[in-house]
Every structure is written in structure tokens, then in C-alpha cells.
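Protein chains in written order, with my numbering: chain A, 37 to 224; chain B, 1198 to 1367.
Now the structure itself:
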């Protein structure tokens, strides 16, 4: 008899997923794309820089009523690209008025290992950061993290993106935050 | 309904985990899923396969970098040299990516140093050119003598020379 509720983790079927891969290096673009295919990702759209990615997202958004246009599910982007950087792409996505764009999960893949970059990308509203060199385990873990733990989005005067706290930890005392009239919860 | 103040913090929580739905996860949607180990191993095998030929790729890129640098120095004016700087950055960035992926750590060290230096400078001043030349000389030496051990005495000397150039001429 098949139990009604599964208690053990299940392998993901990713064939219905569309990943937008933004990477200027042909070598890395090809490698990352092949790795995603091995994971079972159904469709991988490749762009060489932020400008191309923005054009593509604009077009897919405009055609979203078409059943033949696959909506992008996850954005994987390099950070530094000559024709338009990851920062420009992230800002464009998080400032977009359409909800199917501004809430897009974003994973930055970067060769920079500085703490400064980690904070900067986090404060721009990315979901995950993957520091090169890339590996199967690292890439898989970032994709699964985006799927498994979709953090609520926070909107303030100077930030829009996933909740930067990764854990909702217990704390002693009353939850005074929920009483604050300045905190407004919405379901989307 | 009271108006939200402009200092309001909005918490926007999705009703459904749409990505999880797409994976075909069964009823207990709160369980974490995974990508099968054999797929991850296949991805790592792909990297290993690519790395087998990476020595030649790196050699080619370092030669392109050397030639580019030579051409830049022969350009007649600073404006043209400045425009070409981006190409050095791009090639250094790619060399760094490939070499760190395939454990050519010494090449990755110099390529990263060059990339980061280019990012923060123009190449119009003589001092800056000395620093760039030191990097390219180091990369060429590593390639020519096939220095793989980054703790090797020769490797340490090369790193030291580049560091001296940066400290002296920055």
C-alpha cells in the first residue's frame, strides 16, 4: 500500500523547467548548459549578457498568453559581463512592475570570492550565490535550494527581494514584530 | 482600511510553491527533494572530461593574451589602448575560470590578479603597463615550463615578482 504522505525526499523531475542562463564566456556557457541538461532541465535559454537577457524576458513577458512560449522559472547569471552585467540584470528584474518577472528566482554564478560581493548581491535581492569553480554538487544544491526553500519576499523603501534571513528562528519573549502596524503581510 | 505608511515593510508570501509543483512532487510538498546522485556524478564527469583538453585551451588563451598585449602597446594613442583594455579583462577572466575549474591553480592565481587589476585601472600610465607585463610574463613562464605546483620555489618566485611590481608601480 502506498503511504498517503511521503516521508523521504524525492528526486525532482525538472523537465518542465526553463532556466535562463546568462554567461558571456562561451566555454562556461556551454559547460553550465550541458550540466543543466544532465540534471534534466527541460529548456535552457542562453544569453551572452544582461542586455540580451532583458530583451528576452521582455519578449516572453509580452507573449505570456501564448501557450507556446515557455515561461522562465530560474535565472542563472554571471556577475561581470562586458555587454551588461549581472547587477544590471538583477536590478531590472527586481524593479520590474510585472510580478512574473520581479519575483523570478535569481542565482548568481561568480568567480569573485569577496565578502563584499556576497553582501552586495544579497542586498540586490538574489536568491542564491554560487562561487566558481562550478561543480555538479554546487549547481544541484543551488537549484534545489531555490525550489525547496522559497523565502517570502520583503519590500521596503530600499530593498525588494527574498527575505535575507535564511532561518526563522525561535526567540524568547513576545513576537512584537507582528504587532507592528508598519509590517504588512500579503499573500501573492 | 488604514493607509500603509511609506515606512511599511511588506512581507509577500506566495500561496503555493509553484516551482515545487512543477517538479511533480507528490502530496507531501514540504519534503525537500533532490537531484539524483548519478546525474551529479555525470555533471562532474563532464567537467573532468573538459579538463582533459584544458591545457591546450589555456595555452591558446595565454598566447592570444600575449599577442593582444603586444598589439595594444603598438597602438598610437591612449584612447585606442583604453578601448582594448576590455579585451584583456575578458580573456583574463576566461583563463581564470578555466584554470580554476581544472585545478591549474597557479595560472588561476595570475589570471585573477590580472583581471582584478585591469578592472580597477586604465592602461595609460607606464607604471600600469609594467604591472600588466609582469602578469603576462608570469603566465607565459608557467605555461612554458609547465609549472603545476603552486608551492614550488619557482612558482613562489613568480608570485613574488608580480607582487613586487604591483606594490612598486601601483
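Glycine is no exception: its CB is placed at the ideal position from the N, C-alpha and C atoms.
Check	Outcome
Cutoff 8 Å: residue 1220 (chain B) Cβ touching any chain A Cβ	yes
Identity of the residue in A:113, A:107, A:147 nearest residue 135 (chain A) by Cα	A:107
Assigned exposure category for residue 202 (chain A) - 16 Cβ within 10 Å defines buried	exposed
Assigned exposure category for residue 1297 (chain B) - 16 Cβ within 10 Å defines buried	buried
Simplified DSSP assignment, three categories, for residue 62 (chain A)	helix
Presumed contact (8 Å Cβ cut-off) between residue 186 (chain A) and residue 161 (chain A), rounded CB distance	The pair is not a contact, with the Cβ atoms about 14 Å apart (cut-off 8 Å).
For residue 1356 (chain B), the first and last residue of its enclosing beta strand (DSSP E)	Premise fails: residue 1356 (chain B) lies in the alpha helix (DSSP H), 1350-1366, not in any beta strand (DSSP E).
Residues of the segment 155-176 of chain A with Cβ closer than 9 Å to any Cβ of chain B, in chain order	168, 169, 170, 171, 172, 173, 175, 176
Simplified DSSP assignment, three categories, for residue 191 (chain A)	strand
Closer than 8 Å to chain A by CB, residue 1240 (chain B)	yes
N- and C-terminal bounds of the alpha helix (DSSP H) containing residue 1315 (chain B)	1302-1316
Residue 59 (chain A) versus residue 178 (chain A) - alpha carbon distance	17 Å
Integer Cβ distance of residue 1240 (chain B) from residue 53 (chain A), believed to fall under 8 Å	Not really, about 16 Å apart at Cβ, beyond 8 Å.
Boundaries of the beta strand (DSSP E) in which residue 1323 (chain B) is found, first to last residue	First-last for residue 1323 (chain B): 1323-1341, but that is the alpha helix (DSSP H), not the beta strand (DSSP E).
Beta-carbon proximity list for residue 88 (chain A), same chain, < 8 Å, skipping 5 on both sides	58, 119, 120
Whole-angstrom distance between residue 166 (chain A) and residue 174 (chain A), CA atom to CA atom	7 Å
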